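No gaps in the numbering here: position 175 of the sequence shown is 741 in my numbering, and each next residue is one more.
All C-beta atoms in this analysis are idealised placements derived from N, C-alpha and C, irrespective of residue type, glycine included.
Quick caveat: nothing in here was measured; it's all calculated off a predicted structure.
Some notes on the structure that comes next.
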Amino acid sequence: MSEEIMSLAVRCSFYKDGCKWMDKLKILQPHLESCAYNMAACTECSAMVARNHLKDHRQFDCPKRNTTCEFCGGQFPGQRMEHHTGRCQLEVVFCENKCGAQLQRRYINAHMMNECPKRQIPCKYCSKEFIFDTLQSHLHQCPRYPVCCPNRCDSAKIAREEVDKHMKDACPSSMASCPFVQHGCKHRGPRYTMERHLNENTKEHLNLTCHVVRRQQKQIHDLRAQLDTLSINMDGKLLWKITDYASRFAKSKLEDEYELRSPVFATSRNGYRLQVSAFPNGNGSGEGTHLSIYIRTVSGENDSLLRWPFIHPISFTLLDQAEDGLKPSHVKECFTPDPTWKNFQRPSRDVYTLGYGYPTFVSHVFLKTKNYIKDDTLFIKVEVDCSKINNII
């Protein structure tokens, strides 16, 4: 039975690794001792390697093999050779900047720093970095590159980006306008001549400046007039508040014809302009005994479009500042201008007219009754009946 078993046909134990041997079981062991696919120990490093790979292992993989560097000829054990490979200073390699140069590794760093056309290098003027072979092109447009003044003045070289500013503000050879150009001086010449021009034309520049000041004063006056126009009442009504009445009354007793004038008001934006006058110590027949009050027309921009004389009803009301709960006793006077009165003809800008009103509007005695004066203040309301005024706009 044993003989039959030993005579059975079997495959090599390493048939999966590629061994095609197949024979009787009894000769399997002798085959394994010489099978190329069986494992054997490397005599140098003791590593277990298939017999058919043992030669390659000893030549290429064994860490204790002796190898020779193809570049420098040095002899190295396998492990040291792996470290040496890629570091040999005599190996010829390509420049890492991809300039195409091939040099021994020992020279490559110096080449990349000092010779390589693709090396990074800073511009010594603006400090930005560029590839070496593009630096020359950059210098033609570098904003900090020093250039000469186009006027060839004596200034040291100037950064390219500062040339325009130098030409405009500093170059003595640049053409410049007189500092008084906005005042009307038309002189223009090299900047180095400007000081002489200023010294020789002081009087002319002063005259130009005075002219500008006069023009500006007129503009200020016109603007103030426009502002005043915007701030006045334009509905034919005025509430005139007279403060510090006691001191004003005392002053009027010491000064003849002491007059208080109200803000100007209007019947509409483009309508008649009017102004009220008050004489605390009286005027005319009311002098020394009464508060006198008058109204006059004031010259306006649209007078030529208005109908003259002014003939619209006007009322004055002295307001009683009654306490809460008490019925006020206002004092009211009304009149309608007569077309024949000179006071309400078209006004002149140059002639002041007193206007028309009531010299005996309210007596000083009556004024002290009620609450016409309260907190040293009195109020006078003036109204124009605008119902029959045809507005321009």
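Exposed unless 16 or more other CB atoms sit within 10 angstroms - verdict on residue i
i: THR906; result: exposed
i: ASP916; result: exposed
i: SER818; result: buried
i: VAL948; result: buried
i: ASP942; result: exposed
i: ASP886; result: buried
i: GLY854; result: exposed
i: MET614; result: exposed
i: PHE910; result: buried
i: CYS744; result: buried
i: TYR924; result: buried
i: VAL928; result: buried
i: CYS578; result: buried
i: LEU884; result: buried
i: CYS601; result: buried
i: HIS649; result: exposed
7 Å Cβ shell around residue i - same chain, five flanking residues per side excluded
i: ASP951; result: HIS878 and PRO879
i: ASN663; result: MET678, CYS682, LYS684 and ARG685
i: MET741; result: ARG754, GLY755 and PRO756
i: ASP822; result: none
i: CYS689; result: PHE696, LEU701, HIS704 and CYS708
i: GLU825; result: SER843 and PHE845
DSSP three-state assignment for residue i, whether helix, strand or coil
i: SER858; result: strand
i: ASN957; result: coil
i: PRO712; result: strand
i: GLU899; result: strand
i: ASN632; result: strand
i: VAL729; result: helix
i: VAL931; result: helix
i: VAL779; result: helix
i: GLN655; result: coil
i: TYR673; result: helix
i: MET800; result: coil
i: ALA736; result: helix
i: GLU681; result: helix
i: ALA791; result: helix
i: PHE626; result: helix
Cα-Cα separation between residue i and residue j, rounded to whole angstroms
i: CYS714; j: LEU705; result: 14 Å
i: SER573; j: GLY640; result: 57 Å
i: TYR673; j: TYR711; result: 33 Å
i: GLY852; j: TYR838; result: 28 Å
i: LYS908; j: THR919; result: 9 Å
i: ALA736; j: CYS719; result: 10 Å
i: THR633; j: GLU569; result: 52 Å
i: GLU695; j: GLU681; result: 16 Å
i: PHE831; j: LEU796; result: 10 Å
i: GLU867; j: ILE859; result: 26 Å
i: THR700; j: CYS708; result: 12 Å
i: ASN618; j: MET588; result: 18 Å
i: PHE945; j: HIS896; result: 10 Å
i: PHE550; j: HIS771; result: In the structure as shown, the chain starts at 567 and stops at 959, and residue 550 therefore has no counterpart that could be examined.
i: TYR938; j: ILE861; result: 20 Å
i: GLN785; j: ASN765; result: 31 Å
i: ASN523; j: HIS777; result: With the chain running from 567 to 959 in the structure shown, residue 523 is simply not present.
i: SER693; j: ALA725; result: 14 Å
i: ILE571; j: MET647; result: 53 Å
i: PRO596; j: CYS661; result: 58 Å
i: LYS940; j: VAL864; result: 30 Å
i: CYS585; j: GLY666; result: 50 Å
i: HIS787; j: VAL779; result: 12 Å
i: HIS749; j: GLN782; result: 12 Å
i: THR512; j: ASN957; result: Absent from the model: residue 512. The displayed extent of the chain is 567 to 959, so no value can be given.
i: THR809; j: THR926; result: 21 Å
i: CYS608; j: ALA676; result: 44 Å
Chain-order list of residues whose beta-carbon lies under 6 Å from that of residue i (same chain, five-residue window excluded)
i: ALA888; result: PRO894 and ASN937
i: ARG835; result: MET800
i: LEU591; result: MET572, LEU574 and VAL576
Close beta carbons around residue i, own chain, < 8 Å, minus the five adjacent residues each side
i: PRO643; result: PRO629, LYS630, ARG631, ASN632 and THR633
i: ALA606; result: MET614, VAL615, ALA616, ARG617 and LEU620
i: GLU610; result: ARG624, CYS628, LYS630 and ARG631
Notebook entry, point to check: Is it a yes or a no for the segment 834 to 854 touching the segment 808 to 817, going by three-plus beta-carbon pairs under 8 Å?
Noted result: Taking 8 Å as the limit for Cβ pairs, the verdict is that the segment 808 to 817 does touch the segment 834 to 854.
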